[in-house]
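Going down the list, the sequences are from chains Z and G.
Residue numbers are given in this note's numbering: position 243 of the first sequence equals residue 243, and the series is strictly consecutive.
For this note's numbering, add 1000 to where a residue sits in the second sequence, where the first one is 1.
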Amino acid sequence: MPKAYPTRERIAKVWYKYRLDGFIFILPWIIGTLAFQLGPMINSFILAFTRYDIITPAKFIGIENFKKIFSSDPLFYKSLWNTVYFVTGSVPISVIIGILVAVLLNQRIRGITIYRVLYYLPSVTAGVAVAIVWMSVYDVRYGLINNLLSKLGIQGPSWLGDPSWVMPSLIIMAVWGLIGQRYVIFLAGLQGIPEELYEAAEIDGASSWNKFVSITLPMLTPTIFFSLITGIISAFQSMFTTAYIITNGSGGPLNSAYIYVFHIYRNAYEYYHMGYACALAWILFLIVFILTFIQVKFSGWVHYGG
Amino acid sequence: MSKYEISQGKFAKYGKILLRYIAVSLFAIPFIIPFFWMVTTALKQSEQVFAIPVVWWPKPVEFSNFTKAWNSAPFSVFFKNSLIVTCTSVIGTVFASAFTAYGFARVRFPGRDLLFVFMLATMMIPADVTRIPLYLIFRRLGWINTLKPLIVPSLFGGAFYIFLLRQFFLTIPASLEEAAYIDGCSSFLIFWKIFLPLSKPGLLTVAVFSFLAHWNEFIGPLIYLNSEKKYTISIGLRYFLYEQGGYYNLLMAASTMALLPCLILFVFTQRFFIKGIILTGLKE
């Protein structure tokens, strides 16, 4: 028996204390989110309907920015297309390879932790340094890839110089950097599959492939769906650093590495078209919002075990 | 079962294990080879960098590339700035996130669950939307070309980190804090004396995530910093890249130095780190 049996007053007192405490505890986040997220969100929404170049005061122009984006900005369509290309390339490939790697790393063999670390290494090394390493790997004459290809008698392309190879190059880099994050999620998914299912299948004489197709994949469907959607959402916003570095800030030959975030960046911080850039950013937000909505709404159709 | 059958079974078993090792090793090559390329190129003499056919193992091993790279740009300044930004941000993020996460995980107050859902929703806001108004605000505050815009926002915690730590706190048994409450401990004391010490793996995971994010950050430093004295390592590397052009060995030496803190940190914390991600099963 506790020393102080909770009386009604005591409960009320503690409850009151809890309330106050709770708000104090979450205060850092409340201040942070008001100052650095919600405030700027509203601000950016208003700016999207103005013309603002920092020097002269912002001028309200209604939906002019959006009209211009859709009717007379070829780079908007170009950058959106590049981004869609990048997303449809990098996300499914990284999910498929992620599942494969997770299956490999789910084996019960000695030293598997070392392999888990190795496969995760690329994911901890994002940024400029990695982009520079890849520039050397992709070098037409002295690079790693073309030297390996020439051993097989294949003349490698000019990865970062040929407009039609720039996006595939970016996709390879992205997939390389994403596998760590992907496999970790699938590994967690794999470890959540009940062992009995496999045992039952073995009794029925199922092959490894059969087990993979009729147990592993269906049980992983929720994880796959989750990975696809969150992968698409983040792919829409990623790769700016790499695209910027490998093209020396130019967007690449024929703007082949000019992704959507690049378009926002250039309008905002190079041209100081702040209102216009905000309008572009809000279109991105809308895309992300719709994708998130799909995820929340439809994550019900996938197969959940148990 | 005959003797023959048993030994065949054994053979098949070892063969299978061997096959597994081969598969998992072969598949790892593409993920590791860029690092191999980076380090070997960093140790090559210039003639070997541009040799055809390609030289796989540098001979002689040119360690001086590292000092050469280090001295051909103010890397000590870049590292110092990156360390300032990263360390203050990490400490701020970990502490503020843990504090908030404890409120969401363990303290009952009206509207808590609604606020929590709201917090999850804020994770969806693209940084590109808020970055422009923040740039304008920081500009007005005179924070351009200072490290403040890179540090201050992270001192209030991050939604993802709060979520991760909340999940972690939820796994700590309630009996511990109940006893403390009955003894008259305040929730602050419980947070400080019970939850923080018990959550080291979770806190470490957040620290590593936040370290990597700040160390590798590019677009923030790119728009806020405009003098060499203030450059962080990512902007410094870009500067070095455009100055050095095709000297791949020096570039790779500089890249190796820039990546080293991340790699070392990860290798030493991976035990907690990978577990921490699996726990929440969510990180993009």
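Idealized CB from N, CA, C, for every residue including glycine.
Contact set between residue i and chain G, taken where Cβ atoms lie within less than 8 Å
i	result
Z:Thr88	Result: empty, since nearest Cβ-Cβ is about 17 Å, beyond 8 Å.
Z:Met274	Ile1132 and Leu1136
Z:Tyr258	Those within 8 Å of Z:Tyr258 in chain G number zero; the least Cβ separation is about 15 Å.
Z:Thr292	Met1124
Z:Val213	None at all; the shortest Cβ gap to chain G is about 19 Å.
Beta bridge counterpart(s) of residue i as assigned by DSSP
i	result
G:Phe1156	G:Phe1156 pairs with nothing; no bridge assigned.
Z:Phe60	Z:Thr50
Within chain G, partners of residue i - CB distance below 7 Å
i	result
Z:Met41	Ile1125, Val1129 and Thr1130
Z:Ala310	Any property of residue 310 of chain Z remains undetermined from this structure, which presents chain Z solely from 1 to 306.
Z:Val261	Asp1128
Three-state secondary structure assigned by DSSP to residue i
i	result
Z:Arg51	strand
G:Lys1080	helix
G:Phe1266	helix
G:Gln1045	coil
Z:Leu104	helix
G:His1214	helix
G:Thr1232	coil
Z:Cys278	helix
G:Cys1087	helix
Z:Glu202	helix
Z:His303	Any answer about Z:His303 is weak, because its pLDDT of 45 lies below 50 and its placement is not dependable; what the coordinates show is given next. Coil, per DSSP.
G:Gln1056	The sequence given here places Trp at residue 1056 of chain G; Gln does not occur at that position. G:Trp1056 falls in the coil class under three-state DSSP.
G:Ala1258	helix
Z:Pro74	helix
Same chain only: Cβ atoms within 7 Å of residue i, ignoring 5 sequence neighbours per side
i	result
G:Trp1037	none
G:Gly1157	Thr1093, Ala1096, Ser1097 and Thr1100
G:Lys1229	Val1077
G:Ala1069	Leu1250, Ala1253 and Ala1254
Z:Val261	Gln237 and Phe240
Z:Gly231	Val91, Ser94 and Val95
Z:Thr292	Ile233
G:Phe1272	Pro1201, Leu1204 and Thr1205
G:Leu1155	Gly1092 and Ala1096
G:Phe1079	Ile1233
Closer than 7 Å at the beta carbon, the chain Z residues around residue i
i	result
G:Asn1216	Ala126 and Gly127
G:Gly1103	Gly22, Phe25 and Ile26
G:Gly1157	Pro28, Trp29 and Gly32
Alpha-carbon spacing of residue i relative to residue j, whole angstroms
i	j	result
Z:Thr141	G:Ala1042	According to the sequence provided, residue 141 of chain Z is Arg. The question's Thr does not apply to it. Each residue's Cα considered, the two are about 18 Å apart.
Z:Ala335	Z:Leu286	Residue numbering for chain Z in the displayed model covers 1 to 306; residue 335 of chain Z lies beyond these limits and cannot be assessed.
G:Leu1136	Z:Val296	34 Å
Z:Tyr304	Z:Tyr271	Bear in mind that the predicted position of Z:Tyr304 carries a pLDDT of just 42, short of 50, making it unreliable; the figure below should be weighed with that in mind. Between Z:Tyr304 and Z:Tyr271, the C-alpha separation is close to 49 Å.
G:Ser1082	G:Trp1215	6 Å
G:Val1055	Z:Tyr244	29 Å
G:Trp1192	G:Thr1088	20 Å
Z:Gln181	Z:Ser123	7 Å
Z:Ser150	Z:Gly156	7 Å
G:Leu1018	Z:Lys78	49 Å
Within chain Z, the residues that residue i reaches when beta carbons sit closer than 8 Å
i	result
G:Tyr1312	This structure leaves residue 1312 of chain G out entirely; chain G is present only between 1001 and 1284.
G:Trp1037	Val133, Ser136, Val137 and Leu144
G:Tyr1021	Ile109
G:Ala1096	Pro28, Trp29 and Gly32
Cβ shell of residue i (< 8 Å), same chain only, five flanking positions each side left out
i	result
G:Ser1046	Tyr1247 and Asn1249
G:Leu1120	Ala1159 and Phe1163
Z:Thr223	Ile185, Phe186, Ala188 and Gly189
Z:Lys3	Residue confidence is low: Z:Lys3 scores 49 on pLDDT, short of 50, so the model does not pin down where it sits. No coordinate-derived value is stated.
Contacts around residue i, its chain only, beta-carbon distance under 6 Å, and the 5 residues preceding and following it disregarded
i	result
G:Ser1199	Phe1168
Z:Met1	Because Z:Met1 sits at a pLDDT of 42, beneath the cut-off of 50, its placement in the model cannot be relied upon, and the following sentence gives the value as read from the coordinates. Around Z:Met1: no qualifying Cβ.
Z:Gly252	Val166
G:Glu1217	none
Where residue i meets chain G, residues with beta-carbon distance less than 9 Å
i	result
Z:Val117	Phe1266, Val1267, Gln1270 and Ile1274
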